[in-house]
Ligand code: SF4
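Residue numbers (my numbering): 8 to 110.
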């Protein structure tokens, strides 16, 4: 089974003791990037098509979502409906959505 990362947005806020050594903050710090700033990222990845019009990501692939953010982070509220629509359009994929946010 293939697993691909899908990061529709990037950046996160520390919200628990488990965030103390967050790898996102660690990696961003190497590039002087502020991890507190939430930005849209590779949003359309699941819908990308090849020249023949087929989805680049094949059916039954697992997409691990938001490994450089959190799918339920408040700053992404306005983008999440669009993300759910993409997920509905690719019902042939599995989406893994871990979160530390309890809304
Ligand atoms: S929720 Fe995850 S990505 Fe966000 S700060 Fe905590 S450890 Fe990092």
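C-beta: ideal position from N, C-alpha, C; glycine also.
The structure presented is a predicted model; accordingly, all values stated were derived computationally and were not measured.
Rounded to a whole number of angstroms, what is the C-alpha to C-alpha distance between residue i and residue j?
i           : j          : result
residue 46  : residue 59 : 31 Å
residue 13  : residue 77 : 11 Å
residue 56  : residue 40 : 31 Å
residue 9   : residue 24 : 31 Å
residue 89  : residue 83 : 10 Å
residue 106 : residue 37 : 24 Å
residue 81  : residue 11 : 24 Å
residue 35  : residue 54 : 27 Å
Compute every distance between the C-beta of residue i and the non-hydrogen atoms of ligand 1, then say whether any falls below 7 Å.
i          : result
residue 76 : yes
residue 63 : no
residue 87 : no
residue 20 : yes
Please return the same chain residues whose Cβ sits closer than 8 Å to the Cβ of residue i, not counting the five positions on each side in sequence.
i          : result
residue 27 : 21
Could you spell out the range, first to last residue, of the beta strand (DSSP E) harbouring residue i?
i           : result
residue 103 : 101 to 103
Need the endpoints of the alpha helix (DSSP H) that residue i sits in, please.
i           : result
residue 115 : For residue 115 there is no data in the structure shown, the boundaries of the chain being 8 and 110.
residue 93  : 84 to 96
field: Minimum length 4: unbroken alpha helix (DSSP H) runs contained in the segment 14 to 76
entry: Every alpha helix (DSSP H) of 4 residues or more that sits fully in the segment 14 to 76 is shown, in chain order, as 30 to 36.
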